[in-house]
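What follows is one structure encoded as C-alpha cells, with my remarks underneath.
In this note's numbering, the protein residues as written are 14 to 101.
This is the structure we're talking about:
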C-alpha cells in the first residue's frame, strides 16, 4: 500500500530533477509514470481507505500538474514555442 506511494514520490523527485535533463528519458518516464498512476488510482479506489484516498488524490493532482509541465517541455523541445503555449 504505502510503499506504492513512496515509489511514486521518489519517481516525482527523479522526474523533477530530470526536467532539466534528457528529453528522451523524460518521455519514457512520462509514459511509465502515467501507467503507475493509473494502477495506483484504481488501487486507492478499491481500497476504500479514506486516508489512502486523500493521499492518492493529492498525489494525482501533484502528478497531473507535473505531467503537464513535462508535456509542455517536450512540446517546446519538438514543436517550437507556439505548441507549448496552448498547454500553458
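Note that the Cβ used here is the ideal one computed from N, Cα and C, for glycine as well.
If residue 69 and residue 53 are in contact, beta carbons under 8 Å, what's the gap, nearest whole angstrom? The count along the chain shown starts at 1 and reaches residue 69 at position 56. The count along the chain shown starts at 1 and reaches residue 53 at position 40. 6 Å between Cβ atoms; contact.
Measure the CB-CB distance between residue 75 and residue 25 and report whether it falls below 8 Å. Counting from 1 along the chain shown, the entry for residue 75 is found at position 62. Counting from 1 along the chain shown, the entry for residue 25 is found at position 12. It is a contact, given that the beta carbons lie within the stated cut-off.
Residue 16 by DSSP, collapsed to three states: which one? The sequence position of residue 16 within the chain shown is 3, counting from 1. Correct three-state label for residue 16: helix.
According to the Cβ coordinates, are residue 58 and residue 21 closer than 8 Å? If you number the chain shown from 1, residue 58 lands on position 45. If you number the chain shown from 1, residue 21 lands on position 8. In this structure, residue 21 does not lie closer than 8 Å to residue 58 by Cβ.
Sequence-distant residues of the same chain with beta carbon closer than 7 Å to residue 62, five excluded per side: Counting from one through the chain shown, the residue named residue 62 turns up at place 49. If we look at residue 62 and ignore the five residues flanking it on each side, it has no Cβ neighbours.
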